[in-house]
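Working notes for the structure below.
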Amino acid sequence: MADVTLKGFASLPADTFADGPAAGNGGIAANGRTGPFPGQPVQGFSGVQFADNNRFWFMPDNGFGAKGNSADFLLRIYQVNPSFQGAEASGDGRVTVGNFIQLRDPDKKISFSITNGKTSDRFLTGADFDIESFVIAKDGTIWIGDEFGPFLLHFDATGKLLEAPVPTPNINPLPTLNGQAPIVIGHRGASGDRPEHTLESYKLAIQRGADFIEPDLVVTKDGVLIARHEPDITGTTDVASRPEFADRKTTKLLDGAPVTGWFAEDFTLAEIKTLRAVERLSFREQTFNGVFEIPTLDEIIALVKQTEKDTGKKIGIYPETKHPTYFAEKGFNTSQLLVDTLVKNDFTDPSRIFIQSFEVSNLKALHDTIMPNAGIDIPLVQLIDAYDVADDGTLLYEDVNARPYDFAVAGDTRTYGDLITPAGLAEIATYADGIGPWKRQIVSVKIVDKDGDGKADDLNGDGVINDADKVTLAPTSLVTDAHNVGLLVHPYTFRNEGRYLASDYNGNPELELRQFINLGVDGFFDDFPGTGDLVRDQIVSPFVRSPQNPDVLKQPTFDTLSGKAPIVIGHRGASGERPEHTLASYKVAIAGGADFIEPDLVVTKDGVLIARHEPMLAVLNADGTVNLTNTSTDIYKRPEFADRLTTKTLDGVAVKGWFAEDFTLAEIKTLNAIERLPALRGTAYDNDGLKVPTFQEVIDLVKQYEKETGRKIGIYPETKHPTFFANQGFNTSQLLVDTLVKNNFTDPSRVYIQSFEVSNLQDLKTNILPKAGVNLPIIQLTSASGSPYDFVAKGDKRTYADLTTANGLKEVATYATGIGPDKRQIVPASTVDRNNDGLPDDLNGDNQISDADRVLGAPTNLIQNAHSAGLLVHLYTLRNESFFLASDYENNPIKEFQQFIDLGVDGFFTDFPGTGRNVLINDYFAGTGYTPGASNNYNPNLPYNSDSNQPYYGNLVVANLGRSKGFEGMAISPDKSTLYPLLEGTVVGDPAGALRIYEFDVATKQYEGLVGYYKLENPANAIGDFTVVNDHEYLVIERDENQGAAAQFKKIFKVDFAQQDANGFVAKTEIANLLDIKDPNDLNKDGSTTYNMPFQTIEDVLVIDANTILVANDNNYPFSVGRPPAIDNNEIVLLQLGQPLNLDPRVGLAGLNIQSYEGTEGNDRLRGDQLDDYIDAGAGDDFLRGGKGNNFLKGGEGSDTFVLAKGGTQTIADFESGTDLIALPAGLGFNKLSIVQGTALNANDTLIQRQGKTLAVLSGIQASTITAHDFTSI
């Protein structure tokens, strides 16, 4: 490239401050400068425009580099007058800062919260926007490009915001079959996080954003469809551990191959329901093994229907009929069973079902007979299999994976590979609506053998060769071929684990998903549908959003003490779904989304804390029958313990039963836990052999889950009846703390200790916890009636009602962190007697009086009073059953959850934590933001958020642009009608290093689309500024992120919108290397004849004239040190280019003095003045007279006449010989003119001269084509 020479130099000292409040209070300190600073730093120049012929407007960015530290940095545009050493006769290199424009929003155009939002002026700060680029429109208003949104901001000339910030549209047409977003299919549910094909797996998939859930269907002995991946249920259930089914183990031929195990079709549904699911893959979490049931298709349909009822979401089902030929041989037509089940359940909406199979004949039968006979039309998907991938990436079709099994039976030798040829796809299109290929049939992988030993290299050094050690090949044409015959493409299976990810993806599953979405797949099966939905949402989001975008930062508001969401506490686990206080109950609570699990603690004879709601393991009524509502084990059935039956006084009440403290732990472990409310909740799990867990085992469970998943579940123990146990020699509070300390489980964010008594909590606060060196939050439980028993024992007459008065709460606050009230202390409920018979009315007609027959009263002030005392409020107990729901809730537990959340509770105990979590997700978090980790510093090349304690849900707003990657540059067209905002970072889904150049119409204030993409020389680079040259050429600063000696790349490129490659990248040409600038006169006085700009950020470029550009750095005060050891100043320089720019006359310093005229679509007569003019006549036969200045004339379409003048030069942009005419005024005859070919910059132009003076330049015209016929006289 041509040499660049330093033509002028000026420098503004780093420590330059303007009037205004002190800035830098947010902990700013670097390079010997410490905030607060004396006023507003004039620094960080990120945009420049002309102010007049001698001065410039410079705009600093957001201040100190981050949203969190720039709330006191006021956003301004400063008028700056550099005295350029070398370019001005009296230039001394100094810079004078004049007045400024303060950006503000007094009219409240900004809808989100801003720093100075409560003031009348609403001055904008660096915490509100990161302004990085600006231009001045024809009407004098200012358009600014922001990075936080990114937004476009429109201000008047005084700095007042004129409209709401303009969000950035995400213009990204998808190459799917119908142009719609791909669907996310929960592969066997969310099988990466829960045992596959369980209701819990499907529920989690729905929570995480799956559009469809996939049940693989096999059939039971009695003809019921259940969800299992294979007929062989050995690896996905605990059947192998069940001695009662040992004789069912057998060997069968499954699709021609022998398989040994237990088979679904050999079990009745009732027997299947006694089995429990287990995790199939050893490297996935094992916490939930043996907990969840095997669901039927009916139950899965019921789940999605309930989801629709609760949330309005219409989740689809994507069933696969597994091994139809195999089951047909056993007398089961699974396709018919499937359709019958769908029809029976009225679940036949074709937008909510796909039916898939690896075989062909059953799909054809569905298409030709079964569905027509049922009067339904559901889309069908042909699954495509393969055996494996060869080392070179070739797909292998062998053994049972060679071809559909019905082909093998029929002697059809075609393979799956034949089915995905164009001819095979055309045949599939006759009976199916889509294909479900293995992802390797779209993007295959091959091994790497760098050492040439003929063996695959172990790229990640883990001793195993898998996909992580392979590289991807170029995509096949399968997606395009399928779309060409009208088939959808739904590949399988996407997984987050590194072993399934080709090395190209660097362990980031999001990169793989992006590739397939960009290839045009119409949906995809994912074991981790949350990841799939997040990536899909990033790509199809209607807007481009950075991590600092208000929508991404938006959080739901709660009236809790902290303002954060209330915690979900699994009351005795998920005691509405499993027998309470069992590991199974706690596991179901964790699976459902509980933040804490609650073990009530009693003690054994040998001093071990165990989880039981009461000391009694079983209770007898006065008549000797078992009190089933107070019995939680089967001890009453154990003759060996019959002699332990006793009567004790528990908190003043005589109770007959079996008591935990009379049994050793070993004896307790022989018992089985059972359902305590069998009449209400059934006994389905009483035969599961669930044991009574120790507190140690509860801690072990949450530690195991944390080890497997990273998620930190809390424990919320209650010391039950401390006075009762103290009288028997047990200090349960001390035992509790000793156990916590022994297990190093003393994180105060993960433990609450609760009790209905007071003195033990006070002892914990003042004695036990301090001695143990821990500080755990304490919760005082209260009841709607009665008194703490330790009060009763001491003769203290105070009641729970007294504790919950304003004064009582203040006393509680002296030893406790919060209270745990009965929900009726917050929202009372009472029976009604509408018929005045003196009896409560049975409102629901079930012949019993329960909460369902009560009506709610007005809420009390308990929550407000507790919060005023600084106390948390964790109420108990929310349950789903109508028996516990006041009539006002209309048998909908969601309404009760919502009421208490809206009232501001800080947490709630619930028997159904899954319901509580769903309410928070669907009714409070939906539509709010999901930030990429604690630092919120999103790098699209890395996983969005790897924190297991911040799970993604499918209805959250995510960022799809990296931090500080918004509109770093923005140019305006020469006619000032169009803005060209340029992003600094790549939007998720775009090619690496591709920066979008948007087009924005100033008149309509609307985005018009994309011009194209700017391609970074290195994806790690950044851009600094963007400025106009002419209507299709612009300048871009591109730089690396280094400074000083480490700086290697600081360049300016000229881009040409008119030249783009097939991918939309605009052509670019280097015009300046800012690290290698000639300085023969040593203008910056550094003793060198070479000048460079080794600054981290160079963010200002402006064209002065065809040969000169202005460049300035952003000094990032007080952080950057590009010229060590001194802190960076703001250096403003003029550079003389080696090759002149093809400058539009309206651009540059001269353009400030040009008067523009525009014609209409008709025939116009346009005349300039005596100065320099720009005349664009538009369509029609126009007459253009520029006058005596140096004018630019553009005739547009039609036959135009261009008038020459004796003074000045007319540059005619679009003269067309034979159509247009050149008019000669009187005294200027043709014979007096010279018509010559231009040279140098005008080499492609014709010059019309008189006596050596150029009267006209005909752009792009060869002189040899111009004759007297092109002229006329006027």
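Numbering follows the UniProt record's numbering, with no gaps: position 19 of the sequence shown is 19.
In this text, a Cβ means the ideal position worked out from N, Cα and C, and glycines have one as well.
Can you tell me where the alpha helix (DSSP H) with residue i in it begins and where it stops?
i, result
"Tyr-952", "First-last for Tyr-952: undefined, no H or E at that position."
"residue 1322", "This structure cannot settle anything about residue 1322, because the visible part of the chain is limited to 1 through 1274."
"Ile-699", "695–709"
"Gly-417", "416–419"
"Thr-325", "324–329"
"Glu-497", "From DSSP, Glu-497 is part of no alpha helix (DSSP H); its letter is neither H nor E."
"Leu-303", "297–311"
"Met-970", "Segment 969–972 is the beta strand (DSSP E) holding Met-970; no alpha helix (DSSP H) there."
"Ser-83", "Careful: Ser-83 lies outside any alpha helix (DSSP H) and carries neither H nor E."
"Pro-566", "Counting along the chain, Pro-566 falls outside any alpha helix (DSSP H), and DSSP gives it neither H nor E."
"Gln-1249", "No alpha helix (DSSP H) holds Gln-1249; the beta strand (DSSP E) holding it covers 1246–1250."
"Asp-1001", "Run containing Asp-1001: none in the alpha helix (DSSP H); it sits in the beta strand (DSSP E), 994–1001."
What whole-angstrom Cβ distance do residue i and residue j have, given they're in contact under 8 Å?
i, j, result
"Ile-768", "Thr-817", "Not quite, the Cβ-Cβ distance comes to about 15 Å (not below 8 Å), so this is no contact."
"Leu-75", "Ile-131", "6 Å"
"Leu-982", "Ile-997", "5 Å"
"Glu-512", "Tyr-505", "5 Å"
"Gln-43", "Ala-14", "7 Å"
"Asp-193", "Phe-528", "7 Å"
"Tyr-800", "Tyr-752", "With 8 Å as the limit, Tyr-800 and Tyr-752 do not qualify as a contact, their Cβ atoms being about 19 Å apart."
"Gly-570", "Ala-584", "In fact, because the Cβ distance is near 12 Å, the residues do not count as touching under 8 Å."
By the three-class DSSP mapping on this structure, what secondary structure does residue i have?
i, result
"Pro-770", "helix"
"Leu-856", "strand"
"Thr-1108", "strand"
"Ile-517", "helix"
"Tyr-405", "helix"
"Ala-1047", "coil"
"Val-1036", "strand"
"Ile-131", "strand"
"Leu-1258", "strand"
"Met-1", "At Met-1 the pLDDT is 49, less than 50, meaning the model places this residue with poor confidence and gives no usable figure here."
"Phe-1026", "strand"
"Lys-712", "coil"
"Leu-1205", "The amino acid occupying residue 1205 in the given sequence is Ala; Leu does not appear at that position. Coil, per DSSP."
"Tyr-586", "helix"
"Ala-1179", "coil"
"Gly-261", "strand"
"Thr-1265", "helix"
"His-367", "helix"
Bridge partners of residue i, per DSSP?
i, result
"Gln-780", "Ser-755 and Ile-819"
"Val-479", "Note: Val-479 sits in no beta bridge, so no partner."
"Trp-658", "Ala-618"
"Ile-1211", "Per the sequence shown, the amino acid found at residue 1211 is Thr instead of Ile. In DSSP, Thr-1211 forms a bridge with Phe-1192 and Val-1257."
"Phe-524", "Val-184"
Which residues bound the beta strand (DSSP E) around residue i?
i, result
"Phe-724", "Looking at the DSSP string, Phe-724 is not in any beta strand (DSSP E); the run it does join, the alpha helix (DSSP H), is 722–726."
"Gly-186", "183–186"
"Asn-99", "95–102"
"Leu-736", "From DSSP, Leu-736 is part of no beta strand (DSSP E) but of the alpha helix (DSSP H) over 732–742."
"Asn-807", "First-last for Asn-807: 806–812, but that is the alpha helix (DSSP H), not the beta strand (DSSP E)."
"Glu-1008", "1006–1015"
"Val-602", "600–603"
Would you list, in sequence order, the uninterrupted beta strand (DSSP E) runs of no fewer than 3 residues that lie entirely inside the segment 861–944? List check, beta strand (DSSP E) in window: 872–878 and 907–910.
Unbroken beta strand (DSSP E) runs of length 3 or more, entirely within the segment 1136–1185: which are they? Counting whole runs of 3 or more residues, the segment 1136–1185 contains the beta strand (DSSP E) stretches 1155–1158, 1165–1167, 1173–1176 and 1183–1185.
May I have a chain-ordered list of the alpha helix (DSSP H) segments no shorter than 4 residues that lie completely inside the segment 332–363? 334–344, all fully within the segment 332–363.
Just list the beta strand (DSSP E) runs in the segment 628–673, keeping only unbroken ones of 3 residues or longer that don't cross its boundaries, in chain order. Those beta strand (DSSP E) runs which fall completely within the segment 628–673 and span 3+ residues are 646–650 and 653–659.
Taking only runs that begin and end inside the segment 236–282, name each unbroken alpha helix (DSSP H) of 4 or more residues, in chain order. Annotation note: the segment 236–282 contains the following uninterrupted alpha helix (DSSP H) runs of length 4 or greater, listed N- to C-terminal: 269–272.
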